[in-house]
Structures are given as C-alpha cells and as structure tokens.
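Colleague: This is the structure I have questions about; it appears just below.
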Amino acid sequence: MIIAKQKKEENIAEYILYMWQIEDIIRGYQLDIDQIQKNIIDQYQQPEEVKKQIRDWYENLIEMMRLEHKEKSGHLQININQVNDLNDLHNELLQNPKEIQYNAQFFKVLPFLIEFRNKLHAGEEMNDVHLALHALYAILLLRLQKKEISKDTQVAIQHISGLLSVLSAKYKTWLNEEPED
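What follows is the structure, given as structure tokens:
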C-alpha cells in the first residue's frame with residue numbers, strides 16, 4: 001500500500017508492474033490474508049495503525065480478485081483501467097504533431113513490440129502499452145527465476161523501458177495539468 005501509493009504518484013508504469021506483482025503475491029498465498037499478514041505485513045517496521053491499513057488494502061484486493069474471478073490469473077479491472085488510461089495517452093501522443101520525439105521513440109520500439117506480440121500469439125486485443133508492460137513483467141519474472149536473458153532481449157527491454165519511462169513522465173504531467181475553461 002505504501003509503495004503502491006508512492007509509485008502511483010511517481011511513475012504509473014512502475015505502479016502497474018508493482019500491482020501485477022501484488023496480484024501474483026496474493027495468488028501465491030492462495031488469497032489467504034493470514035498468510036499475507038504473517039509473511040508480509042508483519043515484516044513492515046510500521047505502527048500498528050499503518051499495518052492495519054496495509055491489511056485492509058490487501059483484504060480489499062483479495063475481495064476484488066474474488067469478485068472478478070482473478071484468483072488464478074488475470075488482472076484486476078482497476079489495474080486494467082490504468083493500463084488503458086496510459087494507452088489512451090500513448091495514442092494521443094502518437095496523433096499529436098508536436099510529439100515528434102515520442103513518435104520517433106515509439107517507432108524504434110515498435111519492431112520489438114511486434115516480435116513480442118508474435119511470440120505471445122497475442123492479437124490486437126492487447127494494446128501497445130499493455131504489451132510493453134507485459135514484456136517488462138515477463139523479464140522481471142525471468143530475473144526472479146534467475147534465468148538467462150539474451151542480449152537481444154535485453155536491448156529490446158531497454159528500449160521498451162525507455163518508452164514507458166517517457167510515457168509515465170508525460171502521464172504525470174498530463175494528470176497535473178489544469179483543465180481548460
């Protein structure tokens with residue numbers, strides 16, 4: 001909860017990846033709040049009131065996962081909405097003639113995304129941002145498993161990560177802009 005809040009304010013792509021990891025952690029503990037309490041929440045060096053807030057946060061996520069039937073796989077709708085919001089901004093930037101640098105960066109990344117889409121056998125139902133985040137999350141999982149990552153994949157991930165970093169910065173600016181009258 002504490003890390004999620006900080007990431008959401010600082011870098012939306014990192015926030016989404018973090019929330020996907022939280023979903024997997026919850027699944028790893030079979031949606032058992034007592035196991036999460038013992039193995040995660042109790043490890044925080046926080047006052048009891050903060051630990052209670054963290055537990056409530058986990059309990060709410062568990063309830064959402066149950067209601068949305070995400071106990072085994074998939075992402076919560078709140079996280080999907082974040083991905084879609086980020087993709088909407090991505091599409092706006094691609095249509096904006098003032099965003100030449102963003103467009104150029106995206107078109108450098110596009111071949112990597114196409115290759116990754118083909119490897120996943122993912123159709124158009126997975127938008128560009130979801131695909132880019134999925135690629136980064138897959139690498140995170142490979143690193144956690146201490147699996148070797150090829151040089152070509154590392155280069156691709158570097159480019160994808162760079163694009164998401166720029167997009168996240170633009171998202172933060174976009175959120176903080178004053179609406180026009």
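FYI, in my numbering the residues of the sequence shown are 1 to 181.
Beta carbons are placed, not taken as given, at the ideal position from N, Cα and C, and that holds for glycine.
Just so you know, these numbers come straight off a predicted model, no measurement behind them.
1. According to the neighbour-count rule (16 or more other Cβ atoms, all chains shown, within 10 Å of its Cβ), is Tyr44 buried or exposed?
2. Mind the definition here: the region 73 to 81 touches the region 149 to 159 only if three or more C-beta pairs lie below 8 Å; say whether that holds.
3. Can you look up Asp181 in the DSSP assignment and give me helix, strand or coil?
4. With respect to the alpha helix (DSSP H) encompassing Met65, which residues constitute its N-terminal and C-terminal limits?
5. Determine the direct distance from the alpha carbon of Ala4 to that of Asp32, and round the result to whole angstroms.
6. Compare the Cα-Cα distances from Glu99 to each of Met64, Leu167 and Tyr29 and report the closest residue.
7. Between the Cα of Val129 and those of Leu86, Lys7 and Ile41, spot the shortest distance and give me the residue it belongs to.
8. Could you tell me whether the Cβ atoms of Leu61 and Ile26 are closer together than 8 Å?
9. Can you tell me the Cα-Cα spacing of Asp35 and Asp42, whole angstroms?
10. Take the Cβ of Gly70 as the centre, count every other Cβ of all protein chains shown within 10 Å, and call the residue buried at 16 or more, exposed below.
11. Looking at the structure shown, is Tyr171 part of a helix, part of a strand, or coil, going by DSSP?
12. Counting only beta-carbon atoms, is Tyr102 nearer than 8 Å to chain C?
13. Which residue comes first and which comes last in the alpha helix (DSSP H) that contains Asn127?
14. What residue from Glu10, Glu9, Asp152 and Glu59 has the CA that sits closest to Phe116's CA?
Modeller: Looking at the coordinates:
1. Taking the first residue of the sequence shown as 1, we reach residue 44 at position 44. With fewer than 16 other beta carbons inside 10 angstroms of its own, Tyr44 counts as exposed.
2. They do not touch, by the three-pair rule.
3. Locating residue 181 in the sequence shown gives position 181, counting from the first residue. The predicted model places Asp181 with a pLDDT of 45, which falls under 50 and marks its position as unreliable; any figure quoted below should be read in that light. Three-state DSSP puts Asp181 in coil, outside helix and strand.
4. Here residue 65 refers to the residue found at position 65 when the sequence shown is read from its first residue. Its alpha helix (DSSP H) spans residues Glu48 to Leu67.
5. Stepping through the sequence shown from its first residue, residue 32 is reached at position 32. Stepping through the sequence shown from its first residue, residue 4 is reached at position 4. Between Asp32 and Ala4, the C-alpha separation is close to 20 Å.
6. Here residue 99 is taken as the residue at index 99 of the sequence shown, counted from 1. Of the listed residues, the one whose Cα sits closest to Glu99 is Leu167.
7. The residue labelled residue 129 in the question sits at position 129 within the sequence shown. Val129 has its Cα closest to that of Leu86, out of Leu86, Lys7 and Ile41.
8. Position 61 of the sequence shown, counted from the start, is the residue given in the question as residue 61. Position 26 of the sequence shown, counted from the start, is the residue given in the question as residue 26. Yes, the Cβ-Cβ distance between Leu61 and Ile26 is below 8 Å.
9. Here residue 35 refers to the residue found at position 35 of the sequence shown. Here residue 42 refers to the residue found at position 42 of the sequence shown. Checking the sequence shown, residue 35 turns out to be Gln, not Asp. So the alpha carbons of these two residues sit roughly 10 Å apart.
10. What you label residue 70 is simply residue 70 of the sequence shown in a count that begins at 1. Sequence check: residue 70 is Lys here, not Gly. That one is buried.
11. Taking the sequence shown and counting its residues from 1, the one referred to as residue 171 is at position 171. Looking at Tyr171 - three-state DSSP - the assignment turns out to be helix.
12. The chain inventory of the structure shown lacks chain C, comprising one protein chain alone.
13. By 1-based counting over the sequence shown, the position of residue 127 is 127. Unbroken run through Asn127: none, as it is neither H nor E.
14. Here the question's residue 116 lines up with position 116 in the sequence shown. Phe116 has its Cα closest to that of Asp152, out of Glu10, Glu9, Asp152 and Glu59.
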